[in-house]
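Single-structure report; data block below.
There are 4 protein chains.
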Amino acid sequence: MEGIKIVTIGGGSSYTPELIEGFIKRYPELPVRELWLVDIPEGRKKLEVVSALAKRMVEKAGVPIEIHTTLDRREALPGADFVTTQIRVGHLEARAKDERIPLKYGVIGQETNGPGGLFKGLRTIPVILEICRDIEELCPEAWFINFSNPAGMVTEAVLRYSGITKTIGLCNVPIGMHMAVAEMLEVEQSRIHIDFAGLNHMVFGLEVYLDGKAVMGEVLDKLASGPSMTMKNIVDVGWEKDFIKALNLLPCPYHRYYYQTEKMLEQEQQALQDKGTRAEVVQDLEKELFTLYSDESLAVKPKQLEERGGAFYSDAACNLINSIYNNKQDIQVVNVRNNGAISSLPADSAVEVSCIITNEGPKPIAMGGMPVAVSGLVQQIKSFERLAAEAAVTGSYHTALLAMAINPLVSSDSTAKQILDEMLEAHKEYLPQFEKSYAG
Amino acid sequence: MEGIKIVTIGGGSSYTPELIEGFIKRYPELPVRELWLVDIPEGRKKLEVVSALAKRMVEKAGVPIEIHTTLDRREALPGADFVTTQIRVGHLEARAKDERIPLKYGVIGQETNGPGGLFKGLRTIPVILEICRDIEELCPEAWFINFSNPAGMVTEAVLRYSGITKTIGLCNVPIGMHMAVAEMLEVEQSRIHIDFAGLNHMVFGLEVYLDGKAVMGEVLDKLASGPSMTMKNIVDVGWEKDFIKALNLLPCPYHRYYYQTEKMLEQEQQALQDKGTRAEVVQDLEKELFTLYSDESLAVKPKQLEERGGAFYSDAACNLINSIYNNKQDIQVVNVRNNGAISSLPADSAVEVSCIITNEGPKPIAMGGMPVAVSGLVQQIKSFERLAAEAAVTGSYHTALLAMAINPLVSSDSTAKQILDEMLEAHKEYLPQFEKSYAG
Amino acid sequence: MEGIKIVTIGGGSSYTPELIEGFIKRYPELPVRELWLVDIPEGRKKLEVVSALAKRMVEKAGVPIEIHTTLDRREALPGADFVTTQIRVGHLEARAKDERIPLKYGVIGQETNGPGGLFKGLRTIPVILEICRDIEELCPEAWFINFSNPAGMVTEAVLRYSGITKTIGLCNVPIGMHMAVAEMLEVEQSRIHIDFAGLNHMVFGLEVYLDGKAVMGEVLDKLASGPSMTMKNIVDVGWEKDFIKALNLLPCPYHRYYYQTEKMLEQEQQALQDKGTRAEVVQDLEKELFTLYSDESLAVKPKQLEERGGAFYSDAACNLINSIYNNKQDIQVVNVRNNGAISSLPADSAVEVSCIITNEGPKPIAMGGMPVAVSGLVQQIKSFERLAAEAAVTGSYHTALLAMAINPLVSSDSTAKQILDEMLEAHKEYLPQFEKSYAG
Amino acid sequence: MEGIKIVTIGGGSSYTPELIEGFIKRYPELPVRELWLVDIPEGRKKLEVVSALAKRMVEKAGVPIEIHTTLDRREALPGADFVTTQIRVGHLEARAKDERIPLKYGVIGQETNGPGGLFKGLRTIPVILEICRDIEELCPEAWFINFSNPAGMVTEAVLRYSGITKTIGLCNVPIGMHMAVAEMLEVEQSRIHIDFAGLNHMVFGLEVYLDGKAVMGEVLDKLASGPSMTMKNIVDVGWEKDFIKALNLLPCPYHRYYYQTEKMLEQEQQALQDKGTRAEVVQDLEKELFTLYSDESLAVKPKQLEERGGAFYSDAACNLINSIYNNKQDIQVVNVRNNGAISSLPADSAVEVSCIITNEGPKPIAMGGMPVAVSGLVQQIKSFERLAAEAAVTGSYHTALLAMAINPLVSSDSTAKQILDEMLEAHKEYLPQFEKSYAG
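Just so you know, the protein sequences line up as chains A, B, C and D, in that order. Sequence positions in the first sequence follow full-length UniProt numbering and run 1 to 440. Sequence positions in the second sequence follow full-length UniProt numbering and run 1 to 440. Sequence positions in the third sequence follow full-length UniProt numbering and run 1 to 440. Sequence positions in the fourth sequence follow full-length UniProt numbering and run 1 to 440.
As structure tokens, this is what we get:
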């Protein structure tokens, strides 16, 4: 059949309009025939709002993309060319717990590579693996593109515990860093190239090029002096100038959690008092967005969506799908099987690295080993991800504890156990695999 | 200054008209301001013929490329953006010895990865390293692009024994394989993509894609059945069908020497009787070409040049220069520092691998390890190249003997010594570094 | 129960008296309570002769070792502490074919790492893996010590295709090299230490020490000058002095096949004419030995046994068992899982390397990577072993062909196929796993 | 000359009597002919006290060991068989600063792998490298055995920045763990074997064997339940039982600093208030010891010496020297060049690993990679050691800052800078290499 079939699981997400906009914008070269928005029964209402908006957007744009909705993903999957997932098991309520509980023990929750991320992974990975089994059965040729966080841990789990090899984890951090660097240097984005290597939310720019010339020194000077690059959802506490110069790498915004732990903790504690957790802030934003989406006169993506931390996520997804479909052979930074690209990390692990995107999929560029100064931290997060993925699959209490205890944000074995126990209890509805081991 | 300055060492080569044609064809996007053709005093006459033709070609095409000639490369180098080398130390006479002497001992000479290649390397590498020193001094920002054979060994030597990192070794084999596969499948070249990995003249296609779908099985069926893919300069002795299916990799034409040694040896011995060595055949071709070039009415590249084994070499060079200059980010197969791209080979060695070509240079794509069935042979040739490069620099008789003895074409330590001794004597004019150790 | 239980599969072998002698000699520290000699029904007669001799030997020595015999290994295995195997699937008749058929095609048969070894492996590995399954079931705590050739390939197969981890492959080559070096230097064996690394019958001495001082240079001088070190079963064709000096490693006797291929081939062809294959020579020796063994007055190991190529094999086995049982922590050279000891070979492959022998088993000593000059050849033999083991298990014709074609002794794909086809036919009685793929 | 010559640099140390006792005890098999005690001029008085005691000890024991003293190490070195170093640049006063200053910023000083260790390394490494240069010149055949802390960092520096390869770093931690495990299990030490792998003060028992059987589970049960194993100088804060079971590795006492950071920090802050830093406690102990040593009636090592954290250090040194001299081939745990023994760490780095000790030196046993759960932390400390060693040699402020900032005990880039700046100032007398970069 002509055209592309895309299935978006978690289609009722507030991010979906960005995705729709992305497909509309690219329609001339990326002919999406069908877009299936799939959600779970309890998300029915959001799905209705979002899909109605999607239909209005498509109609207004005048492109022949069919919007389908279903609460049964097995109905949607057959014949899919691309399956994307943007799910949030346990909703923002769960995220709020991921952030609040660790803070009680003086530990940053950090919803991807911290204790919060561990629990997000424990909840999300089993669901993702079920989706993978359906894909293997119903559309084995499809590309599986995940942008549910923690994207690195999820990609690790898919590579280790499913039969799917055509899988890509997506993140908007590298694209954000690229944009920020271009802005700092006051040049067009296309003149900048950055060699990225690391893990999801633990990625470094190894070198920055302007028109092919290495300009890391200049970029770091600016980063350390002026207001430093960050994400919408991460407070900028400033970098120690000498440290940044010594590091001689471009850190990602999330590195603040590891290199400025104290300050970030203070900020989070202050913010919690002032306005609740980030999850709670986002809940308010979500409500606002859905009120907007419900307005039947709205037929474009509203500006407010860009206020979310996840801005450009869906655009990145469209870009990726476009490059695969059209064999663009451009460079994008995604989470894939390492295959030796970062020689200091296991070849069979997921890494976040600059890839060339072809119609055979992303091919990672060989970066050598991570620089000495960061190879330990990166390995530690990779170990955390691996143990977390294993715990999510096996439901082993000890493996989960080990993941928690080796996380760089957790500084004591007994604190690790306390946080783990309280969070297991708090999330038990979404963690059936821990039923037995928890009792033990 | 506007435009690009290119210095071509060995500019009096018969291949030069292809280079000129390449620059003319690409002028709109690749504005070559100056092309310096450099040669040694004894090549003065050829240089005059070739540069005169070059000037006529440029004039006829109406592009403002200045053609300069000099017998002193230090005059040419300052300010160069690209330096290319296409030198032949000892001329075709030396190549004839490289081929004839091993055959006396029942061994294929093989001018790149065989005993002949060892001696070509021993003669060529010291000259290349002198050129490198001049580049480091006079135009340290230039890209150094070598297409003198043995290109893998030369690149290994430049990486290990010079201070130059912006170096690329070029080969026309992968481009020829790509074209041949497209022809076999009767599709346009642009629809085919091949993942290449290995060493110079020891490169494998790991997978072949047609429109993004893996089609290795189909390609190998065709390769094993019909007339098999080869180079102008390599006899096609046919592949054993079951072997090719078992291998499940696309071999390069030079693999015949290692997987069909007996037949290739017979062919070479027969050919020697019939028409002399390949070198001698080429000498006649060369004479013809220079007669053509001298014709003042000629102002285009003559068709006959394409009969040479090195066809498309210069075109490949122009392509590469163009992609670097214009940051094309296309995939080309070149010889570069491995950097982990092929995980079963040392990170600091030269490999031939699919790279994305940017304005920061080629970035190799991570291919994982060489497949089990070929990893030994590839490592053996890499060891041969390393020892040969070391011997070329140190003039160590023992290291040269070791290189000769471990070459897969040489099956006995005593034969290795006999060939080595006779070749050292035959080439002594071009091997001053062996003066002492040879006496010993 | 007090004392050790040992099960020897292939107990009717002519080597068994050496094993008995070894256990008698070591009885005071190695109290063997029961020794079970197991053989197959068609070996019943040999088993009777050998076990009768064994009983006479034990009685004469006055040690309380019980000798049991059985034709059903499952009767013998329960409670075993050590299981040793010395089997020869297809008997010497099969070995004769392993040697004769390749020679018809101008290729050395080489019963371990050559075409002959491939077929020995194809016959032997399935039987060994059945034994492994019985061990896993009946005596999972036992050490499994194999000295059936090709010992490297068999160990690779056990590591990859059985659940047994307590497995060791044994070889008498390193011990023979050690003895020969001591003899060359005219010193006691205990003053010599050699760092061994490589594969079975492809092992190198990386350094030789006399009283802790490196003496490789001196040893190689002697090796290259006088009569060179070899095995009873390998002709000494002499080493090229300069090659050996250049190599700067101690080669094993089997390296002649790869570094002196032509001369070895001539020798084998001559020997075939003169006295038949080595297998046929051994058949005569065997007959002689069994005539001796049948003599009821004989109650010691006869001297003639030492004429076999496998001399010291059984002694090496007793030594190994003794060191494990008594936690001797001495250094022995055995075939075990690499575990990074030789960094240029896969961590999960079998290697032959100096190990410290403890009561937890052998622990390999870290040797770094194989030296550049030999890493290719060693990798090629490892690849050959891996493919051969895979073919033995899967019965894949293509995998067997690939193993044959990449063997360094085989120089052509079509020759590989011819030898393979003739040998598959000749051995089909012992290769049920190839029934189908052969037909294809 | 008969007998062994040993040179002990830092001979005036209070540990020396243990060394003397060790040599006396082993005299029959380890005939020390001359022991040279070397110190710096300001240590003259201590040297006199210690050497006088040494002479009384030797005389009383009736062994012919000559005790020499000198303030010029170049007088002592010629002809040495072993050179040992036990130096403390800046004395206990400096150590007190190493501990006090970080505590001001809420960071544990930790005198080996913490901020304190960084400064100990910056002071010590340049002195050690000068000693190395003298050894290379005056006794190039000698073994250089260092037990100055931080021993891992110092060994890394010697391997990277000196020409000495015969170097070993010594630590008493593994021997203490071995003793403690034997005590826990109530068995003789000789029945226990532990596979050790990691770094100095960051070493893990990968498996514990009792009579060859793996007993890690039992050992960890005991470790987590009863009073846990520790050093004299490290407070026992107890392990979280579930964590230890989850880890499934035997941690070393120093791991408390990383897995129980908060509690250890509290303890240190409390202890500081109660009795000053550990350095200050040790200063008092030292005074006491020297008072004892000065007693001319004392001719044996006083019991009180065993109260020091460094107990068994000198005994370990004697053991090591004995095993090298007598080619004991026993297993000891020392700091040496990795050489692939721990495959997840660089081959050319220093690691602490079980080695077999021969007269050619220690040969590390291949352990595979560090387990997933700890590979990140171990790599981080290795990176810290490498950067610290580099900073010690180059005097680079940025490199020192990077080392400080990536240390797992330091949680903020700005705190890292504050501690670094205050410590550079406090120690400036001993850090001439930082003169310039500090000013900058």
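Each residue gets a CB set at the ideal place from its N, CA and C atoms; glycine is no exception.
Does the CB of residue 270 of chain A have a neighbour CB from chain D at under 8 Å? Working through the first sequence from its first residue, we reach residue 270 of chain A at position 270. It does not: the Cβ of residue 270 of chain A has no partner Cβ on chain D nearer than 8 Å.
Can you grab the Cα-Cα spacing for the pair residue 281 of chain A / residue 275 of chain A, in whole Å? Looking up residue 281 of chain A in the first sequence gives position 281. Looking up residue 275 of chain A in the first sequence gives position 275. Taking the straight line from one Cα to the other gives about 7 Å.
Can you give the beta carbon distance from residue 200 of chain C to residue 384 of chain C, rounded, assuming they're within the 8 Å contact cut? Translated into the one-based positions of the third sequence, residue 200 of chain C becomes position 200. Translated into the one-based positions of the third sequence, residue 384 of chain C becomes position 384. Not confirmed; about 12 Å, so no contact.
Whole runs of the beta strand (DSSP E) within the segment 73-111 of chain A, excluding any shorter than 3 residues: Positions of the beta strand (DSSP E) runs, each at least 3 residues long and wholly inside the segment 73-111 of chain A, are given as 82-85 in order along the chain.
Do residue 18 of chain D and residue 412 of chain D count as a contact pair if the criterion is CB distance below 8 Å? Here residue 412 of chain D refers to the residue found at position 412 when the fourth sequence is read from its first residue. Here residue 18 of chain D refers to the residue found at position 18 when the fourth sequence is read from its first residue. In this structure, residue 412 of chain D sits away from residue 18 of chain D, with a CB-CB distance that is not shorter than 8 Å.
Let me make sure I understand the geometry here. Which of D:394, D:55, D:333 has the alpha-carbon closest to that of residue 172 of chain D? Translated into the one-based positions of the fourth sequence, residue 172 of chain D becomes position 172. Out of D:394, D:55, D:333, D:333 has the C-alpha closest to the C-alpha of residue 172 of chain D.
If we count Cβ pairs, one from each stretch, closer than 8 Å, do we get three or more for the segment 380-398 of chain B versus the segment 108-126 of chain B? The segment 380-398 of chain B is in contact with the segment 108-126 of chain B.
Neighbour flag for residue 259 of chain B against chain C, beta carbons, 8 Å: Taking the first residue of the second sequence as 1, we reach residue 259 of chain B at position 259. For residue 259 of chain B, the answer is yes, since a Cβ of chain C falls inside 8 Å of its Cβ.
Please confirm if residue 452 of chain D has its CB atom under 8 Å from at least one CB of chain A. The question about residue 452 of chain D has no answer here: the residues shown for chain D are numbered 1 through 440.
Taking only three categories from DSSP, how would you classify residue 441 of chain D? There is simply no residue 441 of chain D to check, as chain D begins at 1 and stops at 440 in what is shown.
Quick one: Cα of residue 7 of chain B to Cα of residue 210 of chain A, how far? Residue 7 of chain B sits at position 7 when you count from the first residue of the second sequence. Residue 210 of chain A sits at position 210 when you count from the first residue of the first sequence. Distance between the alpha carbons of residue 7 of chain B and residue 210 of chain A: 25 Å.
Short-range partners of chain A found in the segment 327-341 of chain B, where Cβ spacing is below 8 Å: For the segment 327-341 of chain B, the set of positions with a beta-carbon nearer than 8 Å to some beta-carbon of chain A reads 327, 329, 330, 331, 338, 339, 340, 341 in chain order.
Span separating the alpha-carbon of residue 246 of chain B from that of residue 397 of chain C: As a working note, residue 246 of chain B is residue 246 in the second sequence. As a working note, residue 397 of chain C is residue 397 in the third sequence. Roughly 9 Å between the two C-alpha positions.
Cβ-Cβ separation, residue 420 of chain A to residue 400 of chain A (assumed contact under 8 Å), whole Å: As a first step, residue 400 of chain A is located in the first sequence; it is residue number 400 there, counting from the start. As a first step, residue 420 of chain A is located in the first sequence; it is residue number 420 there, counting from the start. Yes, residue 400 of chain A and residue 420 of chain A are in contact; Cβ-Cβ is about 6 Å, under 8 Å.
Beta-carbon separation of residue 225 of chain B and residue 241 of chain B under 8 Å? Residue numbering aside, residue 225 of chain B sits at position 225 when the second sequence is read from its first letter. Residue numbering aside, residue 241 of chain B sits at position 241 when the second sequence is read from its first letter. Cβ distance < 8 Å, so residue 225 of chain B and residue 241 of chain B count as in contact.
Cβ-based contacts, 9 Å cut-off: residues of the segment 352-379 of chain B near chain A: Here the close residues are 353, 354, 355, 356, 358, 359, 360, 361, 363, 364, 365, 366, 367, 368, 369.
Report buried or exposed for residue 207 of chain D, applying the criterion of at least 16 other Cβ atoms within 10 angstroms of its Cβ. Stepping through the fourth sequence from its first residue, residue 207 of chain D is reached at position 207. Residue 207 of chain D is buried by the Cβ-count criterion.
Is there at least one Cβ from chain D nearer than 8 Å to residue 245 of chain A's Cβ? For this step, residue 245 of chain A is matched to residue 245 along the first sequence. Chain D, which has a Cβ nearer than 8 Å to the Cβ of residue 245 of chain A, makes this yes.
Going by C-alpha distance, which of D:98, D:175, D:88 is nearest residue 146 of chain D? Along the fourth sequence, one-based indexing puts residue 146 of chain D at 146. By alpha-carbon distance to residue 146 of chain D, the top candidate from D:98, D:175, D:88 is D:88.
Complete alpha helix (DSSP H) runs within the segment 136-214 of chain C (minimum length 4 residues, chain order): Within the segment 136-214 of chain C, the complete alpha helix (DSSP H) runs of at least 4 residues fall at 151-161, 173-185.
Put residue 363 of chain C into one of helix, strand or coil per three-state DSSP. For the purposes of this step, residue 363 of chain C is taken as residue 363 along the third sequence, with counting starting at 1. The answer is strand: DSSP assigns residue 363 of chain C an E or B state.
Between the CA atoms of residue 93 of chain A and residue 279 of chain A - distance to the nearest angstrom: Position 279 of the first sequence, counting from 1, holds the residue named residue 279 of chain A. Position 93 of the first sequence, counting from 1, holds the residue named residue 93 of chain A. Going from the Cα of residue 279 of chain A to the Cα of residue 93 of chain A covers about 7 Å.
Given that residue 221 of chain D touches chain A, what residues does it touch there, using C-beta distances under 7 Å? Numbered from its first residue, the fourth sequence carries residue 221 of chain D at position 221. Per Cβ cutoff of 7 Å: no residues; residue 221 of chain D is ~14 Å from chain A at best.
Inspect the beta-carbon positions of residue 29 of chain A and residue 68 of chain A and report whether they are closer than 8 Å. In the first sequence, counting from the first residue as 1, residue 29 of chain A sits at position 29. In the first sequence, counting from the first residue as 1, residue 68 of chain A sits at position 68. Cβ distance not < 8 Å, so residue 29 of chain A and residue 68 of chain A don't count as in contact.
Which residue spans inside the segment 13-53 of chain D form an unbroken beta strand (DSSP E) run of at least 3? The qualifying runs are 32-38.
Taking a Cβ distance cut-off of 8 Å, strictly less, list which residues of the segment 400-429 of chain C are near chain B, in chain order. Listed in chain order, the positions of the segment 400-429 of chain C with a beta carbon within less than 8 Å of a beta carbon of chain B are 401, 402, 405, 406, 408, 411, 412, 413, 414, 415, 416, 417.
DSSP three-state assignment for residue 330 of chain C, whether helix, strand or coil: Position 330 of the third sequence, counted from the first residue, corresponds to residue 330 of chain C. In the structure shown, residue 330 of chain C sits in a strand (DSSP, three-state: E or B).
When the Cα atoms are used, what is the spatial distance from residue 136 of chain C to residue 162 of chain C? Residue numbering aside, residue 136 of chain C sits at position 136 when the third sequence is read from its first letter. Residue numbering aside, residue 162 of chain C sits at position 162 when the third sequence is read from its first letter. So the alpha carbons of these two residues sit roughly 9 Å apart.
Determine, for residue 178 of chain D, whether the minimum Cβ-Cβ distance to residues of chain C falls below 8 Å. The count along the fourth sequence starts at 1 and reaches residue 178 of chain D at position 178. Not one chain C Cβ lies under 8 Å of residue 178 of chain D.
Any contact of the segment 289-308 of chain D with the segment 51-58 of chain D, i.e. 3+ C-beta pairs under 8 Å? Counting Cβ pairs under 8 Å, three or more are found: they touch.
Grab me the residues of residue 346 of chain B's own chain with a C-beta within less than 8 Å of its C-beta, minus the 5 sequence neighbours each way, in chain order. By one-based count along the second sequence, residue 346 of chain B stands at place 346. Excluding residues within five positions, the ones whose Cβ falls inside 8 Å are 338, 382.
Please report whether the beta-carbon of residue 320 of chain C lies at a distance below 8 Å from any beta-carbon of chain B. One-based indexing of the third sequence puts residue 320 of chain C at position 320. It does not; no Cβ of chain B falls within 8 Å.
Ends of the beta strand (DSSP E) at residue 398 of chain A? As a working note, residue 398 of chain A is residue 398 in the first sequence. It is not in any beta strand (DSSP E) - residue 398 of chain A instead sits in the alpha helix (DSSP H) that spans 397-406.
Should residue 39 of chain A go down as buried or exposed, given a rule of 16 or more other Cβ atoms within 10 Å for buried? Here residue 39 of chain A corresponds to residue number 39 of the first sequence, with the count starting at 1. Answer is buried; the Cβ neighbour count reaches 16.
Is there a Cβ of chain A sitting closer than 8 Å to that of residue 262 of chain D, yes or no? Taking the first residue of the fourth sequence as 1, we reach residue 262 of chain D at position 262. Yes, contact with chain A.
Coil, strand or helix - residue 308 of chain B by DSSP: Within the second sequence, residue 308 of chain B is the residue found at index 308, counting from 1. In this structure, DSSP gives residue 308 of chain B a state outside helix and strand, which the three-state scheme calls coil.
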